[in-house]
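Down below is the structure, laid out as structure tokens.
Number of protein chains: 2
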Amino acid sequence: MNDSTIESVTVNQLPIMRDPRGALTVVEFKDFIPFPVARLFFIRDVPSGTTRGAHAHFRCRQYMICQNGVVRIALADGSKEKTIELSQGQGMLVEPGIFATETYLDAGTELLVLCDRPYEKDDYIHDITEFMNYRKK
Amino acid sequence: MNDSTIESVTVNQLPIMRDPRGALTVVEFKDFIPFPVARLFFIRDVPSGTTRGAHAHFRCRQYMICQNGVVRIALADGSKEKTIELSQGQGMLVEPGIFATETYLDAGTELLVLCDRPYEKDDYIHDITEFMNYRKK
Chain A
2 MNDSTIESVT VNQLPIMRDP RGALTVVEFK DFIPFPVARL FFIRDVPSGT TRGAHAHFRC
62 RQYMICQNGV VRIALADGSK EKTIELSQGQ GMLVEPGIFA TETYLDAGTE LLVLCDRPYE
122 KDDYIHDITE FMNYRKK
Chain B
2 MNDSTIESVT VNQLPIMRDP RGALTVVEFK DFIPFPVARL FFIRDVPSGT TRGAHAHFRC
62 RQYMICQNGV VRIALADGSK EKTIELSQGQ GMLVEPGIFA TETYLDAGTE LLVLCDRPYE
122 KDDYIHDITE FMNYRKK
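Protein chains in written order, with the working numbering: chain A, 2 to 138; chain B, 2 to 138.
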């Protein structure tokens, strides 16, 4: 049984240095990322209001960073649910065993995700019923 | 003496998966990043035509990813110079001892940089004359 709970999902405000030349956001991994990062992906050009994700991982640990706009993230751990809105410059830890569904609220919303594992096709649970059964084990 | 040369700067096209829900770009570190990543930063909201960077590192290894727009990067290793234009979805390895100056060509240009070290104030060479002398050692 995977015992990650909604309570393990934590949000951080990342430091942003703004000046007339632009905005620089820093992520010192030792301060925010509790795993060695093996992969990243980033999502952009998403029509506003679009929902993506809608899966849990068996093993993969993730840290999601909103680079622009606002992402609404619906989270479920099999017994509790919670919704978080992640704004520009905010990061969020998502442990395996958490079902997460992201809605890109604004045009130009961009999400960057850091992962502790390479892509593994068999690490995804897309079916919510299968997920609920998995979490009951 | 640091012996990184212009030739060590290599550009990769990263895989982008596009569909009507947006564009997802993946970076499997084992395929592109020849160091464990300890820090990242990303730069956005840069007025087009603005120049940033203009320094070398003594120790820090970096991998720069253009997330949007086009960045023109002027590179120098103390004996040779080269200019590369990095477009959306392209990544580039920059070893220590390479002086790099980035010009953000388009409005909305965004750069993501992966680093093998935490921020260290004394790791920067901002002065080009100091850099040239350092590379002659």
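Every residue, glycine too, gets a C-beta built ideally from N, C-alpha and C.
Contacts of residue i in chain B (Cβ-Cβ under 9 Å)
| i | result |
| --- | --- |
| residue 44 (chain A) | 22, 23, 24, 25 and 26 |
Residue of the options minimising C-alpha distance to residue i
| i | options | result |
| --- | --- | --- |
| residue 12 (chain B) | B:34, B:57, B:97 and B:43 | B:34 |
| residue 30 (chain B) | A:68, A:130 and A:120 | A:120 |
| residue 48 (chain B) | A:92, A:93, A:19 and A:38 | A:19 |
| residue 103 (chain B) | B:21, B:71, B:4 and B:32 | B:71 |
| residue 118 (chain B) | A:14, A:32 and A:4 | A:32 |
| residue 52 (chain A) | B:21, B:46 and B:128 | B:21 |
CB contact flag (residue i, residue j, <8 Å)
| i | j | result |
| --- | --- | --- |
| residue 42 (chain B) | residue 26 (chain A) | yes |
| residue 54 (chain B) | residue 108 (chain B) | no |
| residue 40 (chain A) | residue 124 (chain A) | no |
| residue 50 (chain B) | residue 44 (chain A) | no |
| residue 106 (chain A) | residue 64 (chain A) | no |
| residue 74 (chain A) | residue 113 (chain A) | no |
| residue 188 (chain A) | residue 37 (chain B) | Because residue 188 (chain A) is not part of the residues shown, which for chain A are 2 to 138, the question remains open. |
Span of the alpha helix (DSSP H), counted from its first residue to its last, around residue i
| i | result |
| --- | --- |
| residue 59 (chain A) | Segment: none, residue 59 (chain A) is in no alpha helix (DSSP H) and carries neither H nor E. |
| residue 33 (chain B) | 30 to 33 |
Where residue i meets chain A, residues with beta-carbon distance less than 8 Å
| i | result |
| --- | --- |
| residue 29 (chain B) | 39, 40, 119 and 120 |
| residue 69 (chain B) | 45 |
Contacts that residue i makes with chain B (C-beta to C-beta distance below 7 Å)
| i | result |
| --- | --- |
| residue 47 (chain A) | 22 and 23 |
Endpoints, the beta strand (DSSP E) within which residue i is located
| i | result |
| --- | --- |
| residue 129 (chain A) | Here residue 129 (chain A) belongs to no beta strand (DSSP E); instead the alpha helix (DSSP H) covers 129 to 137. |
| residue 101 (chain A) | 100 to 105 |
| residue 64 (chain B) | 63 to 69 |
| residue 88 (chain A) | 82 to 88 |
| residue 12 (chain A) | 12 to 14 |
| residue 123 (chain A) | Run containing residue 123 (chain A): none; DSSP gives neither H nor E here. |
| residue 19 (chain A) | 17 to 20 |
| residue 44 (chain B) | 40 to 45 |
| residue 111 (chain A) | 111 to 116 |
| residue 92 (chain A) | 91 to 95 |
Listed by chain order, chain A residues near residue i by CB distance under 9 Å
| i | result |
| --- | --- |
| residue 13 (chain B) | Chain A residues near residue 13 (chain B): none, gap ~14 Å exceeds 9 Å. |
| residue 141 (chain B) | Any property of residue 141 (chain B) remains undetermined from this structure, which presents chain B solely from 2 to 138. |
Beta-carbon proximity list for residue i, same chain, < 6 Å, skipping 5 on both sides
| i | result |
| --- | --- |
| residue 81 (chain A) | 7 |
| residue 78 (chain A) | 6, 7 and 99 |
| residue 132 (chain B) | 57, 100 and 126 |
| residue 136 (chain A) | 79 |
Beta-carbon proximity list for residue i, same chain, < 7 Å, skipping 5 on both sides
| i | result |
| --- | --- |
| residue 1 (chain B) | Shown here, chain B extends from 2 to 138; a query on residue 1 (chain B) therefore has no answer. |
| residue 129 (chain A) | 100 |
| residue 14 (chain B) | 90 and 91 |
Beta-carbon proximity list for residue i, same chain, < 8 Å, skipping 5 on both sides
| i | result |
| --- | --- |
| residue 10 (chain B) | 76, 83, 85, 93, 94, 95, 96 and 99 |
| residue 4 (chain A) | 98 |
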